[in-house]
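K.L.:
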Amino acid sequence: MEERRRKIGKWRYIWPMWITLLLHLIAILLFTTGFLLTRTELPYYSHCSDVSQSPCFPSSPNNDSCWTKPSVNRLVIIVLDALRFDFVAPSSFFAESKPWMDKLPILKNMSSSRPSSARIFKAIADPPTTSLQRLKGLTTGGLPTFVDVGNSFGAPAIVEDNFINQLFQNGKKVVMMGDDTWTQLFPHHFERSYPYPSFNVKDLHTVDNGCIEHLFPSLYEEDWDVLIAHFLGVDHAGHIFGVDSTPMIEKLDQYNNHLERVIEVLESQSGPGGLHENTLLVVMGDHGQTLNGDHGGGSAEEVETAIFAMSFKEPLSSVPPEFDSYSCQIDLDGKNVCISSMQQLDFAATMSALLGIPFPYGSIGRINPELYALGAGSWKSGASQKQPESDIWMKSYANALCINAWQ
1 MEERRRKIGK WRYIWPMWIT LLLHLIAILL FTTGFLLTRT ELPYYSHCSD VSQSPCFPSS
61 PNNDSCWTKP SVNRLVIIVL DALRFDFVAP SSFFAESKPW MDKLPILKNM SSSRPSSARI
121 FKAIADPPTT SLQRLKGLTT GGLPTFVDVG NSFGAPAIVE DNFINQLFQN GKKVVMMGDD
181 TWTQLFPHHF ERSYPYPSFN VKDLHTVDNG CIEHLFPSLY EEDWDVLIAH FLGVDHAGHI
241 FGVDSTPMIE KLDQYNNHLE RVIEVLESQS GPGGLHENTL LVVMGDHGQT LNGDHGGGSA
301 EEVETAIFAM SFKEPLSSVP PEFDSYSCQI DLDGKNVCIS SMQQLDFAAT MSALLGIPFP
361 YGSIGRINPE LYALGAGSWK SGASQKQPES DIWMKSYANA LCINAWQ
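Numbering of the sequence shown is given in UniProt numbering, commencing with residue 1 and proceeding in unit increments.
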C-alpha cells in the first residue's frame, strides 16, 4: 500500500512536466509552420515557344521576337548595396535635410535635365531585406520567405526560373563583377565574372575597387549583352560607422564620381552605330538601411531603396498620362525633379520585356509602364500620320502587358 502511494506521488510530479514539454513542442511546430513560412520552388521554366499558347497573338507570333519585341540591345546594371532612398532623392523631397542627402547629384541632374530619358524611382523591396533574399526577389520576380534568412551566409544556387537563367538560355552573354553572392546564386551563367568576398564588413574598398578595375574596360568591350557591377562600400560603411558618418559621405562622393564617368563613357558611344546606341543604364539598390546601418526587417528605411534608369537613345516624346504617376519637387538648384514609385519585384518582368526574353516562370511582378517607356524609347521609324508614335507605344505595351498577365 505504501509502495503504491509512492508511485502515485511520483507520477503526480512527473506528468505536468510531460504536458509542459508537449505544449512546447506544439508551440514550436506552430511557429515553424506559421511564421517561418516556406515556399516550394517550382521546377518549371518559361520558353519562347510557350507564347504560341497565349491569347495575346491571334495569329502566329512574330518569328523575329520571343515573347516581346526587344527594345534594348544592352543593359548595364549597377547595384549599390544598401542604397537608401534618401541617398538618391533630392533633399527637397524630405521635411528635413540631412548630411548624407544630395551626395549623388549626377542622378538628380540627369533626371531633371532629361526627364524623357532618365528617371528616379522609389523602389519598394519586400522583407526580409538581406542581400541574398533581395537578389532572389530581383531575379525571380517572387517573394523569398523568412526561412531563407538562415542561408544568407552561404547562398545556394537558385534552381527556379529567373532573369539570369533566361538571359543564359536565350543566348545573352552576362558579365558580372563585385559581390560574390551572384556567383553563388548563378555559378554557371556568366560569360565572365570577377567575384570578391562580401562578408568582411570592415573592408570598405576591396569589392568596390574590384568593380572599378573591371567596369570601365568592360564598357568598351563587345562580348556582353548585360553587365552587372555590385558595389558593397555603402553597406559596409553603414554597418561599421552608421549612415551619418564621414566614411559614408566619402563613399557616396566616390560613387557619384564613378557614375559620372560611366554616363560619360556610355554617352560617348551612343551615336548612330555606336556600341551603346541602344543601351539602358540602371543604377539601383537591393535594399535600404537604418541610421545604424542595419537591414533585414521591414521598416520603411529598410524596404525603401531607389532605381535610376537612363536610356541613351532618342526618348519617347510622351508617355500617356494614365501610365505616368509621379511626384515632383523643386531641388536646391531650382530644377524640377520628378520621382515615380514601383515595386522591386516588377524588375525581372520589366527587364525581360525590354530585352525580349521570356519572363521567369514564377514571377508575380508586372511590367512597370514608366520604366518600360524609358527603355523602349522612340518608335518614330514606324510612326506615321495614320498611326502616331503614342499609338505604337500603347500597342507594344498592351501586347507586353497581355503576355505578362497570361504568364
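Beta carbons: idealized from backbone N, C-alpha and C, even for Gly.
1) Pull up the distance between the alpha-carbon of glutamine 53 and that of asparagine 170, whole angstroms please.
2) Among Tyr194, Arg134, Pro70, Lys172, whose alpha-carbon lies nearest the alpha-carbon of tryptophan 224?
3) Which ranges would you report for the alpha helix (DSSP H) in the stretch 68-114 if only whole runs of at least 4 residues count?
4) So, for aspartate 180: in the same chain, excluding its five sequence neighbours on each side, which residues have a beta-carbon less than 8 Å away from its beta-carbon?
5) Which whole runs of the alpha helix (DSSP H) in the stretch 224-266 are 4 residues long or more, in chain order?
6) Based on DSSP bridge pairs, tell me the residues matched to proline 369.
7) Looking at the structure shown, is serine 340 part of a helix, part of a strand, or coil, going by DSSP?
8) On the three-state DSSP scale, how would you describe phenylalanine 190?
9) Pick from Met248, Ile28, Pro369, Leu75: whose alpha carbon is nearest that of alanine 82?
10) Of all the options Ser218, Gly362, Leu227, which has the alpha carbon lying nearest to the alpha carbon of proline 43?
11) For alanine 405, is the classification buried or exposed, using 16 other Cβ atoms within 10 angstroms of its Cβ as the cut-off for buried?
12) With distance defined between alpha-carbon atoms, name the residue in Phe121, Ala398, Leu345, Ile364 nearest to proline 127.
13) Around the Cβ of glutamate 221, are there at least 16 other Cβ atoms within 10 angstroms (buried) or fewer (exposed)?
14) Going by C-alpha distance, which of Ile240, Asn165, Leu281, Phe241 is nearest glutamate 260?
15) From what residue to what residue does the beta strand (DSSP E) around isoleucine 212 run?
16) State the start and end residues of the unbroken alpha helix (DSSP H) segment that holds glutamine 136.
17) Give the secondary structure of alanine 300 by DSSP, where H, G and I count as helix, E and B as strand, and everything else as coil.
18) Using the rule of at least 16 other Cβ atoms within 10 Å of the residue's Cβ for burial, across every protein chain shown, is leucine 374 buried or exposed?
19) Can you give the Cα-Cα distance for leucine 132 and leucine 219, rounded to whole angstroms?
20) When the Cα atoms are used, what is the spatial distance from glycine 233 to glutamate 250?
21) Do you know offhand how far phenylalanine 94's Cα is from phenylalanine 87's?
22) Count the other CB atoms within 10 Å of the CB of leucine 215; is the residue buried (16 or more) or exposed (fewer)?
P.N.:
Straight from the coordinates:
1) Glutamine 53 and asparagine 170: Cα-Cα distance of roughly 19 Å.
2) Lys172
3) 85-88, 105-113
4) Pro195, Tyr196, Pro197, Ser198
5) 233-241
6) In the DSSP output, where bridge partners are listed per residue, proline 369 has none listed.
7) strand
8) Looking at phenylalanine 190 - three-state DSSP - the assignment turns out to be coil, as it is neither helix nor strand.
9) Met248
10) Gly362
11) exposed
12) Leu345
13) exposed
14) Ranking Ile240, Asn165, Leu281, Phe241 by Cα distance to glutamate 260 puts Leu281 first.
15) Unbroken run through isoleucine 212 is the alpha helix (DSSP H), 206-219; no beta strand (DSSP E).
16) Going by the sequence as given, residue 136 is lysine instead of glutamine. First-last of the alpha helix (DSSP H) with lysine 136: 131-140.
17) helix
18) Counting every other CB atom within 10 Å of its CB across the protein chains shown gives leucine 374 a total of 16 or more, marking it as buried.
19) 26 Å
20) 10 Å
21) 11 Å
22) It counts as buried.
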